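Numbering (my numbering), first residue to last: 19 to 488.
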Amino acid sequence: MDAEVHVLVFPWPRQGHINPMLQFATALVDAGVQVTFLHTEHNLRRLAQASPPHLRLLSIPDGLPDDHPRGFLDFMEAMCTTGSTAYHALLLSLVSASDAPVTCVVADGTMPFAIEIPQELGIPALSFVTHSACSYLALLSMPKLVELGETPFTADDLVSSVPGMEGFLRRRDLPRGLYCTDQGDGDPLVLKFAEVIGRTSKACALIFNTAASMERPVLAHLASGTSDVFAVGPLHARSSSAASASLWREDDGCMAWLDGHEDRSVVYVSMGSLAVITHEQFTEFLSGLAATGYAFLWVLRPGMVQLASSALLREAVGAAEGGKGRVVEWAPQRDVLRHRAVGCFLTHAGWNSTLECAVEGMPMVCWPFFVDQQTNSRFVGAVWKTGLDMKDVCERGVVERTVREVMASDEIKAAAQAMAQQLKHDVAEAGSSSSELERLVRFIRELSIRPPSAELMETRAQAAVTVSGL
Ligand code: UDP
19 MDAEVHVLVF
29 PWPRQGHINP
39 MLQFATALVD
49 AGVQVTFLHT
59 EHNLRRLAQA
69 SPPHLRLLSI
79 PDGLPDDHPR
89 GFLDFMEAMC
99 TTGSTAYHAL
109 LLSLVSASDA
119 PVTCVVADGT
129 MPFAIEIPQE
139 LGIPALSFVT
149 HSACSYLALL
159 SMPKLVELGE
169 TPFTADDLVS
179 SVPGMEGFLR
189 RRDLPRGLYC
199 TDQGDGDPLV
209 LKFAEVIGRT
219 SKACALIFNT
229 AASMERPVLA
239 HLASGTSDVF
249 AVGPLHARSS
259 SAASASLWRE
269 DDGCMAWLDG
279 HEDRSVVYVS
289 MGSLAVITHE
299 QFTEFLSGLA
309 ATGYAFLWVL
319 RPGMVQLASS
329 ALLREAVGAA
339 EGGKGRVVEW
349 APQRDVLRHR
359 AVGCFLTHAG
369 WNSTLECAVE
379 GMPMVCWPFF
389 VDQQTNSRFV
399 GAVWKTGLDM
409 KDVCERGVVE
419 RTVREVMASD
429 EIKAAAQAMA
439 QQLKHDVAEA
449 GSSSSELERL
459 VRFIRELSIR
469 PPSAELMETR
479 AQAAVTVSGL
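Structure follows, in structure tokens:
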């Protein structure tokens, strides 16, 4: 282990952010770097798995009681106040430790304070982006889009001001909030994300969990900006037993259920860890799925369908025509996608789910829910052609038709498998993502061993005074 380099890795404390950053932390450890991984106290209590070896885990409070639902805006507010105060104090102690002080921070690009505080203290800070590069660029372009009136809307007009996507990106493919209304001045949630990304893009480097083979033109455009850009993904594909930290208990029973099915005969359905759907949408999905005649495995987290208990949902799925559905509250998703019985994934097109599908060569049916997912699903349907995009429509007939088409299409299957093949090369030794990871480790090492800046000397002196005054 290189004692001169000690990286603090700090994810936005949500499932879709913790896993890729944990895999990133593990990759750094494999490269001989000392890493401390920062959770919230609330999440650390919930984690089902043991932490990966050689990774030190620390936690800070998020300021909310355990039973708080942690909706985005409340959660962000709590993290920016209680969380950031605790983070500041922790950083002070970590950078001034006499033994292996922290030399560099890699923080989630969703939290400006997590990058700005170390920068103020004179510690180099890099931003880790857990979204796709294409949705990141679309979000960065948001102020310009608002100026031109090209805001998200359910319309097919092409958007002219997201660089490199002029030929295929429509207004309905732009990042959006929960509801797609034509708010000329932009959706408040999306504008908040755009502001956050605008701030964290000032980190000294941007790290994307993507591969150049998936998003080359977008990455090239981002690299022409001020920060260094590294495309090191898909990180989970580096090893068949990639690290994960599940906030829910996985229901492994579904693997034995899958064993009892023919090859490529099951539709796997999951909307990730955050989406909440209406009862009406649940009914349309259920009717459409039942009408396809395929068996399906559906992840329905408790509370995921508005105003309905888990027991009632299970009953409804069991009673659906054909009785071929199985419900779980949380699945071992990567194992499910790898299972020979699964023929397609009906997904919200969250970036982790999209990457996990891509790595397994699994065809997708996309029903994007919010923010980055609208842009991801457009890339699936129109650029990579590894699936179909239902976009704004949630009707039983459309669900049935789209699932049938994806399950039967040899072209989509071939495109998905070709992408999987390419990604295996990308993460193998000398592949583009592996080379990028090596370049990134060198970059972090150089930042860590250079003489401390005046700000960092000042920070260490202040920390020493605080300690001696205790
Ligand atoms: N996931 C899982 N089991 C499930 C559903 C999801 O392990 O039953 C994992 C999935 O493998 C992925 C993450 O949760 O790594 C969801 O991240 P994504 O970016 O797809 O969506 P988000 O939850 O952020 O909307």
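Here a beta-carbon is modelled for each residue, glycine too, at the ideal position from N, C-alpha and C. Because the structure is a prediction, the values reported are computed rather than measured.
Anticipated Cβ contact below 8 Å, residue i with residue j, distance rounded
i    : j    : result
S12  : T58  : The structure shown does not extend to residue 12, since the chain is modelled only from 19 to 488, so the question has no answer here.
P119 : L109 : Going by Cβ atoms, the distance from P119 to L109 rounds to 10 Å, so no, they are not a contact pair.
S340 : V417 : In the sequence as presented, Ser is not what sits at residue 340; that position holds Gly. No, G340 and V417 are not in contact; Cβ-Cβ is about 15 Å, not under 8 Å.
C122 : S466 : 5 Å
L224 : A230 : With a Cβ gap of about 14 Å, L224 and A230 do not count as contacting.
R190 : D410 : 6 Å
F42  : V27  : 7 Å
R334 : L373 : The sequence shown places Ala at residue 334, rather than the Arg named in the question. Not really, about 31 Å apart at Cβ, beyond 8 Å.
R188 : D175 : 6 Å
L270 : P206 : Note that residue 270 is Asp in the sequence shown, not Leu. Rounded, the Cβ-Cβ distance is 40 Å, inconsistent with contact.
L65  : L240 : The pair is not a contact, with the Cβ atoms about 32 Å apart (cut-off 8 Å).
A489 : C384 : Shown here, the chain extends from 19 to 488; a query on residue 489 therefore has no answer.
A376 : M437 : 5 Å
N227 : T310 : About 32 Å; that fails the 8 Å criterion.
R358 : D281 : 5 Å
V459 : L91  : No, V459 and L91 are not in contact; Cβ-Cβ is about 36 Å, not under 8 Å.
W402 : A448 : Not confirmed; about 24 Å, so no contact.
M39  : P29  : 4 Å
A472 : S114 : Wrong, their Cβ atoms sit about 15 Å apart, outside the cutoff.
L139 : L455 : About 27 Å separates the two Cβ atoms, so there is no contact after all.
F300 : L331 : 7 Å
T169 : L163 : 6 Å
A125 : A96  : With a Cβ gap of about 17 Å, A125 and A96 do not count as contacting.
I430 : V25  : About 40 Å separates the two Cβ atoms, so there is no contact after all.
A338 : N37  : 31 Å between Cβ atoms; not a contact.
Per DSSP, the bridge partner or partners of residue i
i    : result
G405 : M382
A223 : D246
G343 : F314
H24  : Q52
D126 : F146
I295 : V323
D286 : In the sequence under discussion, the amino acid at residue 286 is Tyr, which differs from the Asp named in the question. For Y286, which the question treats as bridged, DSSP gives the partners L315, F363.
Notebook entry, point to check: Any contact of the segment 279-292 with the segment 69-81, i.e. 3+ C-beta pairs under 8 Å?
Noted result: no
Item checked: Contained alpha helix (DSSP H) runs [length at least 4] in the segment 407-456, N- to C-terminal order -> 414-426, 428-445
Check: Do the segment 119-137 and the segment 86-106 make contact, defined as three or more Cβ pairs closer than 8 Å?
Finding: yes
Margin query: List, from N- to C-terminal side, the beta strand (DSSP E) runs of 3 residues or more that fit wholly inside the segment 135-213.
Written below: 143-147
Checklist line | the segment 47-57 in contact with the segment 272-283 per 3-pair CB rule at 8 Å | finding: no
Checklist line | Three CB pairs or more closer than 8 Å across the segment 77-87 and the segment 144-163 | finding: Taking a cut-off of 8 Å on C-beta distances, the segment 77-87 does not touch the segment 144-163, as fewer than three cross pairs fall below it.
Item checked: Sequence ranges, alpha helix (DSSP H) only - wholly within the segment 49-90, length at least 4 -> 59-64
Next item on the list: Please confirm if the segment 378-386 is in contact with the segment 352-364, defined as three or more CB-CB distances below 8 Å between the two stretches.
Entry: yes
Next item on the list: Could you say if the segment 314-330 and the segment 292-306 meet the contact criterion of at least three C-beta pairs nearer than 8 Å?
Entry: yes
Note to self: Pairs of beta-carbons, one from the segment 177-189 and one from the segment 392-404, closer than 8 Å: are there three or more?
What the structure shows: yes
Check: At a cut of 8 Å, does the segment 329-344 reach the segment 302-319 through at least three beta carbon pairs?
Finding: yes
Notebook entry, point to check: Is the number of C-beta pairs between the segment 440-450 and the segment 238-256 that are closer than 8 Å three or more?
Noted result: yes
Item checked: Contact between the segment 156-163 and the segment 204-214 (3+ Cβ pairs under 8 Å) -> yes
Notebook entry, point to check: Do the segment 394-408 and the segment 418-433 make contact, defined as three or more Cβ pairs closer than 8 Å?
Noted result: The answer is yes - the segment 418-433 touches the segment 394-408, with three or more Cβ pairs under 8 Å.
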